[in-house]
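Okay, structure first, notes after.
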Amino acid sequence: MKKPVLLLIVALFVGLVTFSVFAEGAETEKEGRKIEIIGPREVVSVFRIVEDADGARRVEFFKKSHHDEKGNLIDDEGVVFKFNLTTSVTAQWVMLAIAGTLFFILGRNLKVVPTEKRQILAEWIVGFFRGMVKDGMGEKYLSYAPYIGGVFCLSMFSSLSSLLGMRSPTADISIIAGWGTMTFILVQINKFKTGGVIGAGKSLLQPVAPLLPINLLSEITNPLSQTFRHFGNILAGTIIMGVIYFALHYFAILLPAVLSLYFDIFGAVIQAYVFTTLITVYVSGADCSALVKKKSKA
Amino acid sequence: MNDATVTAYGAALAAEVMGAGIAMLANLGPGLGEGISCSKAVEAVGRQPEAAGIITRTLIIGDAICETSGIYAFIFALLIMFTHPFAGQIK
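Line by line, the protein sequences are chains E and P.
Mapping of the first sequence onto our numbering: residues 1 to 298, in sequence order.
Mapping of the second sequence onto our numbering: residues 1001 to 1091, in sequence order.
Structure follows, in structure tokens:
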């Protein structure tokens, strides 16, 4: 009944996580749109990315104080969180607002017997995601359907925003890395939920104990490759379309429309589908309950 | 910048661009692999047309995963092209 609203909430949450975790980019610092959030003073460990005069960026972790470019000591005690408002984040907000409004309208005034096309569309969307989760993860993971739907719609809307002349937020690795981090967190949560500490620990020693470093590595590389796949595909499409527009110049009338069917629309939808499918695969693959059962029998 | 530095910068730049181009050769693998998987999928649909939906879905997911190495190569090429890891060190 309230699934579209849930979708909206999850989409907002994903956006916020994206925004808060990886929104640190130095590109808009030159333009002067800078926001600083000063938080409670007891949190002291912070990292930030600083751009040198040469244009090289570095990540700084600092505790209470740090040095600026000239080597002066700056007392940054109490600065918990610093980010710059990048183009991608702004575009992401716009797409969130559009997607949220759309799903809010779709989910209003639901009836037991649908009388409007709107409700049938909403039920089809919800059914699609529930079917996807049921096929990929099984019945007991059905509670993940709103999250999967939220990520799917956010990814698709963000990628398709290049049709409106915006730069796709998904062509920015920071945005996708935020979603990849969410996958990592979900996988870890599922591991501890299904297997407890013992199961999660044993899952790192599968199939044999000496493979521990490889397993630890694959914990990171799975979300990372997911991130790179989505980012690389969308960026490739964006670059190719940019090259086509640049090459055709004044004659960019019909051909770009045909080509963007593949590079923009097809790629965006396929990547959203692949990204969410991989979330289902990774999260349901992190089920450690079998490991714990084996131990209790023995 | 003296002449030697300019030459070194140019050489490093040329090497970077060539390296990016060579890195993109890695896309040969995913291209071949996707072609093979697609031909197999076509055969499968021909043999069992009623399973076309699930075959297509599996094909697309499999292709997307096959693409990973190509995407890595692409990102690597982009990194070389735009961050100038070697030419940037010559001052």
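We put the CB at the ideal spot given by N, CA and C, even for glycine.
Test: residue i CB closer than 7 Å to a CB of chain P
i        : result
E:Arg167 : no
E:Gly232 : yes
E:Phe228 : yes
E:Thr181 : no
E:Ser260 : no
E:Ser289 : no
E:Val208 : no
E:Ser225 : yes
E:Val301 : Only positions 1 to 298 of chain E appear in this structure, which leaves residue 301 of chain E out of reach.
E:Val274 : yes
E:Phe104 : no
E:Thr238 : no
E:Glu24  : Because E:Glu24 carries a pLDDT of 44, less than 50, the predicted location of this residue cannot be relied on, and the following value inherits that uncertainty. Answer no: the Cβ-Cβ gap between E:Glu24 and chain P never drops below 7 Å.
E:Thr277 : yes
Backbone CA spacing between residue i and residue j [nearest angstrom]
i         : j         : result
E:Leu186  : E:Ile9    : 17 Å
P:Gly1053 : P:Leu1059 : 10 Å
E:Gly196  : E:Leu224  : 25 Å
E:Val283  : E:Val126  : 20 Å
E:Ile173  : P:Leu1032 : 27 Å
E:Ala209  : P:Tyr1009 : 49 Å
E:Thr87   : E:Ser289  : 43 Å
E:Gly150  : E:Phe103  : 10 Å
E:Phe157  : P:Phe1086 : 38 Å
P:Ser1068 : E:Glu116  : In the sequence as presented, Ser is not what sits at residue 1068 of chain P; that position holds Thr. Taking the straight line joining both Cα atoms gives about 43 Å.
P:Gln1048 : P:Pro1030 : 26 Å
P:Cys1066 : E:Val112  : 44 Å
P:Gly1035 : P:Arg1057 : 16 Å
E:Leu291  : E:Pro146  : 28 Å
E:Leu6    : E:Ala97   : 15 Å
P:Ile1022 : E:Ile239  : 19 Å
E:Ile214  : E:Leu261  : 40 Å
P:Ala1073 : E:Met95   : 30 Å
P:Gln1027 : E:Arg130  : It should be noted that the sequence gives Asn, not Gln, for residue 1027 of chain P. One C-alpha to the other measures close to 35 Å.
E:Ile253  : E:Leu163  : 14 Å
Proximity test, Cβ basis, 7 Å: residue i and chain E
i         : result
P:Thr1068 : yes
P:Phe1082 : no
P:Phe1074 : yes
P:Ala1023 : no
P:Ala1008 : no
P:Ile950  : Because residue 950 of chain P is not part of the residues shown, which for chain P are 1001 to 1091, the question remains open.
P:Ala1064 : yes
P:Ile1071 : yes
P:Ile1090 : no
P:Ile1061 : yes
Residues near residue i by beta carbon distance below 6 Å, same chain, minus five either side
i         : result
E:Thr267  : Checking the sequence, you will find Gly at residue 267 of chain E rather than Thr. So the list reads Asn233 and Gly237, once near-sequence residues are dropped.
E:Phe328  : Absent from the structure is residue 328 of chain E, since the part of chain E shown begins at 1 and ends at 298.
P:His1084 : none
E:Asn222  : Tyr282
P:Ile1080 : Glu1016, Gly1019 and Ala1020
E:Phe231  : Ile173 and Ile176
Close Cβ partners of residue i (< 7 Å) along its chain, the five nearest in sequence each way excluded
i         : result
P:Cys1038 : Leu1059
E:Arg118  : Leu106
E:Glu31   : Confidence is the limiting factor: at E:Glu31 the pLDDT is only 39, short of 50, which leaves the residue's position unreliable, though a coordinate-based value still follows. For E:Glu31, where only same-chain residues beyond five positions count, there are no Cβ hits under 7 Å.
E:Gln226  : Gly180, Thr183, Phe275 and Leu278
E:Ala286  : Val187, Asn190 and Lys191
E:Val269  : Met156
P:Thr1005 : Ile1090
P:Phe1077 : Reading off the sequence, residue 1077 of chain P comes out as Ala, not Phe. The residues are Ala1020, Ala1023 and Met1024.
E:Leu204  : Leu212, Asn215 and Leu216
Per-residue burial, residue i [other beta carbons within 10 Å of its own, 16 or more giving buried]
i         : result
E:Arg229  : buried
E:Tyr250  : exposed
E:Lys140  : exposed
P:Glu1016 : buried
P:Ala1064 : buried
P:Asp1003 : exposed
E:Ile176  : buried
E:Leu121  : exposed
E:Ile198  : exposed
P:Ile1071 : buried
E:Leu235  : buried
E:Pro114  : exposed
E:Ala91   : buried
E:Pro207  : exposed
E:Glu36   : Unreliable placement is indicated for E:Glu36, whose pLDDT of 39 sits below 50; no coordinate value is reported for it.
E:Gly165  : exposed
P:Ala1011 : exposed
E:Ser168  : buried
E:Phe128  : exposed
Contact set for residue i: own chain, Cβ-Cβ below 8 Å, skip 5 residues either direction
i         : result
E:Thr280  : Met132, Val133, Gly136, Met137, Tyr141, Tyr144 and Ile148
E:Tyr273  : Phe152
P:Ala1051 : Ala1044 and Val1045
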